[in-house]
Ligand SMILES: Cc1cc2nc3c(=O)[nH]c(=O)nc-3n(C[C@H](O)[C@H](O)[C@H](O)COP(=O)(O)OP(=O)(O)OC[C@H]3O[C@@H](n4cnc5c(N)ncnc54)[C@H](O)[C@@H]3O)c2cc1C
Ligand code: FES
């Protein structure tokens, strides 16, 4: 039984399956995005030590997808692979970006965020945020996990 | 057991090893225990010291610790971490040696002579008893046994709890207790699609349990379960949750001043408290606060539990002279797991139930001095609490300490440290595990389950 029946979780799971089955998974499964849109969006992840990593994703990808598809190696990030059971994909947004996010967090996302380290008012789970065109240039902070803070 | 393939793999290993000794400063580490702390430590060390060589030894033939034997069968998503662990295991500088038990097949002193670094990650797999009267009466069981039984932990397959009564009392309110409650109350057709063991499914399909109490010694504001697990209980088909109104006196007024996580979970409890129940639901989940068991009563089998009624003083539960008795036919205590010392040379605190350490560096016996080269990570060092995320952070932190110690010259590479020779042990390699894994998955698919776990160690060994 899926612990949380949440459409975005299902999206993520089906996306994973599709990623495994086909070489070019292009059709976005994010419900709020028109079909067959392939525009690329640039996102910058800022580590706690200030290091900036800029990567590209397609409209409809989740921020977890961007990390995975670009092989960005944040230790432990995305442990549950986007199924809303871990909170290791915790990201911190700037207030204006946070307010602009089209989908408000579900109860289940908030439940998981409650377990996240360094929780802030503008925290979200990366596996639940789908890229849209107007997110191009977005900057998000990767919170200081123990190791980041020290290295 | 030592098949030709097995020997070939070992030959390859020895060759790999001989090339690797050429790599100057290639740290050789032995990690003991293959749960999250063992795998996350391996992952971190291999990433940040790519030349290091890791042997991970595990008591059981199969890997993953509590991810396989603790995490509930109806939470398959939590087990996705296995994919990351498996990626680590594919690293050519990593060996998995299952079926080798520290303290039985190999001693800590031997390991220390064979490795530059030993990281103890063998977790907590013993019960914490309550130490009260009647604990040995039939059908007073521990969550560790019950969970191990439904999850296929070797040697618990004949545990067979008696589920013929209508009531069950769970002592303790952590997520493990919630797991037990959920497994007892979930409709069988949902469980039948999980990797729960066949025999447990069969026994649960005959279960008569309709009422499950979840008893904690403190109040709603101290509840140990987390909100996701509670929300799942509230949504369980066929089950209504009944709180005691009196447990919540003065609580709604305090909600606004609570920090966010505590605030949200309290709001959820209060909302559920005031919700109308569905009379069509025939099962009941009953959280009870401010009660500590004082004795179990019964002749052939447990019949009731005596509780002291507690009040809170500075967040602690203090027993009053008032008591309450609840009738039941099954008691499951879920007050935590405990670690043990598996080797006489381990500096172990029996009271706290953990290896004595300072930020993961194990200290020498009766001394404040660090035992250079020996580390502890996961539940064995922190005590048995926290989710996989907590364990992961702990393992990363301790691996980081190891790397610091290495870079600062505190631990050094000794080319004479050759690691264990797997040919000396009837051990299970990663390739062997993949065979067991394949067999389990195939058996599962035949009965529409993701996996049918093999429970007997003998049978596991016969497959490889
Ligand atoms: C019932 C239960 C359910 C849980 N559910 C969840 C959940 O849904 N989500 C979540 O995030 N967390 C959950 N947890 C917590 C999670 O399992 C722990 O945080 C984590 O497993 C601790 O990791 P560890 O490596 O310290 O110990 P373990 O996972 O216990 O690993 C220890 C390993 O060492 C091995 N070992 C023991 N003795 C020896 C020896 N002498 N020699 C060699 N090897 C040895 C053991 O066989 C085991 O494989 C649950 C815990 C329990 C008990
Ligand atoms: S990846 Fe686990 S919650 Fe997002």
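Protein chains in written order, with our numbering: chain E, 4 to 154; chain V, 652 to 1115. Positions of the beta carbon are idealized from the N, C-alpha and C atoms, including for glycine. Keep in mind it's a predicted model, so treat the numbers as computed, not measured.
Run through DSSP, which three-state label would residue 1051(V) get? By 1-based counting over the second chain, the position of residue 1051(V) is 400. Note: residue 1051(V) maps to helix in three-state DSSP.
Quick one: is residue 126(E) near chain V, going by C-beta distance under 8 Å? As a working mapping, residue 126(E) is identified with position 123 in the first chain. Not one chain V Cβ lies under 8 Å of residue 126(E).
Is residue 109(E) near ligand 2, judged by its Cβ being under 7 Å from some heavy atom? Position 106 of the first chain holds residue 109(E). Checking the Cβ of residue 109(E) against ligand 2 gives no.
From which residue to which residue does the alpha helix (DSSP H) around residue 1096(V) run? Position 445 of the second chain, counting from 1, holds the residue named residue 1096(V). Unbroken alpha helix (DSSP H) run through residue 1096(V): 1081 to 1097.
Quick test of your reading: residue 146(E) and residue 74(E), contact by CB under 8 Å. State the CB separation rounded to the nearest angstrom. Walking along the first chain from the start, residue 146(E) turns up at place 143. Walking along the first chain from the start, residue 74(E) turns up at place 71. About 20 Å separates the two Cβ atoms, so there is no contact after all.
Report the CB separation of residue 758(V) from residue 994(V) in whole angstroms; it is logged as a contact under 8 Å. Residue 758(V) sits at position 107 when you count from the first residue of the second chain. Residue 994(V) sits at position 343 when you count from the first residue of the second chain. Their Cβ separation, rounded to whole angstroms, is 6 Å, which keeps residue 758(V) and residue 994(V) in contact under 8 Å.
Just reading off the beta strand (DSSP E) that residue 735(V) is part of, what are its end residues? For this step, residue 735(V) is matched to residue 84 along the second chain. Segment 732 to 740 is the alpha helix (DSSP H) holding residue 735(V); no beta strand (DSSP E) there.
Proximity of residue 117(E) and residue 912(V) at Cβ, strictly below 8 Å: As a working mapping, residue 117(E) is identified with position 114 in the first chain. As a working mapping, residue 912(V) is identified with position 261 in the second chain. Yes, Cβ-Cβ distance for residue 117(E) and residue 912(V) is below 8 Å.
Can you pull the chain V neighbours of residue 129(E), defined as C-beta to C-beta under 9 Å? Taking the first chain and counting its residues from 1, one reaches residue 129(E) at position 126. Near residue 129(E) there are no residues of chain V at all, since even the closest Cβ is about 14 Å away, more than 9 Å.
Please check if any C-beta of chain E sits within less than 8 Å of the C-beta of residue 1105(V). The residue you call residue 1105(V) lines up with position 454 of the second chain. Output row for residue 1105(V): interface = no.
I'd like the span of the alpha helix (DSSP H) that includes residue 938(V), first residue to last. Along the second chain, one-based indexing puts residue 938(V) at 287. Premise fails: residue 938(V) lies in the beta strand (DSSP E), 934 to 939, not in any alpha helix (DSSP H).
Strictly by DSSP, which residues pair up with residue 131(E)? Counting from one through the first chain, the residue named residue 131(E) turns up at place 128. DSSP, once it has assigned bridges, lists no residue as partnering residue 131(E).
Less than 7 Å between the CB of residue 986(V) and some heavy atom of ligand 1, yes or no? Locating residue 986(V) in the second chain gives position 335, where the first residue counts as 1. Not a single heavy atom of ligand 1 lies less than 7 Å from the C-beta of residue 986(V).
Are any of the Cβ atoms in chain V nearer than 8 Å to that of residue 24(E)? Here residue 24(E) is taken as the residue at index 21 of the first chain, counted from 1. For residue 24(E), the predicted model reports a pLDDT of 37, less than 50, meaning its position is unreliable and no value from the coordinates is stated.
Between which two residues does the beta strand (DSSP E) carrying residue 704(V) extend? Here residue 704(V) is taken as the residue at index 53 of the second chain, counted from 1. Looking at the DSSP string, the run of the beta strand (DSSP E) that includes residue 704(V) is 704 to 709.
Any C-beta of chain V sitting closer than 8 Å to the C-beta of residue 83(E)? Position 80 of the first chain, counting from 1, holds the residue named residue 83(E). Yes, residue 83(E) lies at the interface with chain V (some Cβ there is under 8 Å from its Cβ).
Using a 10 Å radius around the Cβ and a threshold of 16 neighbouring Cβ atoms, would you call residue 55(E) buried or exposed? Here residue 55(E) refers to the residue found at position 52 of the first chain. Residue 55(E) is exposed by the Cβ-count criterion.
On a CA-only basis, which of 139(E), 128(E) and 129(E) is nearest residue 42(E)? Give me that one, please. The residue given as residue 42(E) occupies position 39 in the first chain. The shortest Cα separation from residue 42(E) among 139(E), 128(E) and 129(E) belongs to 139(E).
Short check: CB of residue 748(V) to CB of residue 1080(V), under 8 Å? Taking the first residue of the second chain as position 1, residue 748(V) is located at position 97. Taking the first residue of the second chain as position 1, residue 1080(V) is located at position 429. Their beta carbons are under 8 Å apart, which means residue 748(V) touches residue 1080(V) by this criterion.
Using 7 Å as the cut-off, classify the Cβ of residue 877(V) as near or not near the heavy atoms of ligand 2, replying yes or no. Residue mapping note: residue 877(V) aligns to position 226 of the second chain, counting from 1. With a cut-off of 7 Å, the C-beta of residue 877(V) is classified as distant from ligand 2, since no heavy atom of the ligand falls inside that distance.
Short of 8 Å Cβ to Cβ, which residues in the segment 77 to 110 of chain E face chain V? Across the segment 77 to 110 of chain E, CB contacts with chain V closer than 8 Å involve 78, 79, 82, 83, 84, 86, 87, 88, 89, 90, 91 and 110, in sequence order along the chain.
Any chance the CB of residue 1042(V) is under 7 Å from a heavy atom of ligand 1? Mapped onto the second chain, residue 1042(V) falls at position 391. Answer for residue 1042(V): yes, Cβ within range of ligand 1.
Below 8 Å on the Cβ atoms is my contact criterion, and I expect residue 806(V) with residue 1054(V) to pass it. Report the Cβ-Cβ distance as a whole number of Å. Looking up residue 806(V) in the second chain gives position 155. Looking up residue 1054(V) in the second chain gives position 403. Wrong, their Cβ atoms sit about 38 Å apart, outside the cutoff.
Given that a residue counts as buried once 16 or more other Cβ atoms are within 10 Å of its Cβ, and exposed if not, what is residue 990(V)? As a first step, residue 990(V) must be located in the second chain, where it is residue number 339. It is buried - the Cβ of residue 990(V) has at least 16 other Cβ atoms within 10 Å.
Residues of chain V with a CB under 8 Å from the CB of residue 122(E): which are they? Taking the first chain and counting its residues from 1, one reaches residue 122(E) at position 119. Per Cβ cutoff of 8 Å: 911 and 912.
Report the option in 986(V), 791(V) and 841(V) whose CA atom is closest to the CA atom of residue 867(V). Working through the second chain from its first residue, we reach residue 867(V) at position 216. The shortest Cα separation from residue 867(V) among 986(V), 791(V) and 841(V) belongs to 986(V).
By Cβ distance below 8 Å, which residues in the same chain neighbour residue 1092(V) in space, the five residues on each side in sequence not counted? Start at 1 with the first residue of the second chain, and residue 1092(V) comes out as number 441. Excluding residues within five positions, the ones whose Cβ falls inside 8 Å are 1101 and 1102.
At 3 residues or longer, what runs of the beta strand (DSSP E) sit wholly inside the segment 796 to 833 of chain V? Within the segment 796 to 833 of chain V, the beta strand (DSSP E) runs of at least 3 residues that lie entirely inside it are, in chain order, 818 to 822.
Ordered along the chain, which non-local residues of its own chain (more than five positions away) have a Cβ less than 6 Å from that of residue 810(V)? Here residue 810(V) is taken as the residue at index 159 of the second chain, counted from 1. Here the set comprises 796 and 800.
Test: residue 875(V) CB closer than 8 Å to a CB of chain E: Translated into positions along the second chain, residue 875(V) becomes position 224. At least 8 Å separates the CB of residue 875(V) from every CB of chain E.
Looking at the secondary structure, which residues open and close the beta strand (DSSP E) in which residue 144(E) lies? As a position in the first chain, residue 144(E) is number 141, starting the count at 1. In the DSSP assignment, residue 144(E) falls within the unbroken beta strand (DSSP E) covering 141 to 144.
Relative to chain E, which residues along the segment 709 to 730 of chain V have a C-beta separation below 7 Å, given in chain order? Within the segment 709 to 730 of chain V, those residues whose Cβ lies closer than 7 Å to any Cβ of chain E are, in chain order, 725, 726, 728 and 729.
Taking Cβ-Cβ distances shorter than 9 Å, what residues in chain E pair up with residue 915(V)? The residue labelled residue 915(V) in the question sits at position 264 within the second chain. Those are 110, 113, 114 and 117, listed as they occur along chain E.
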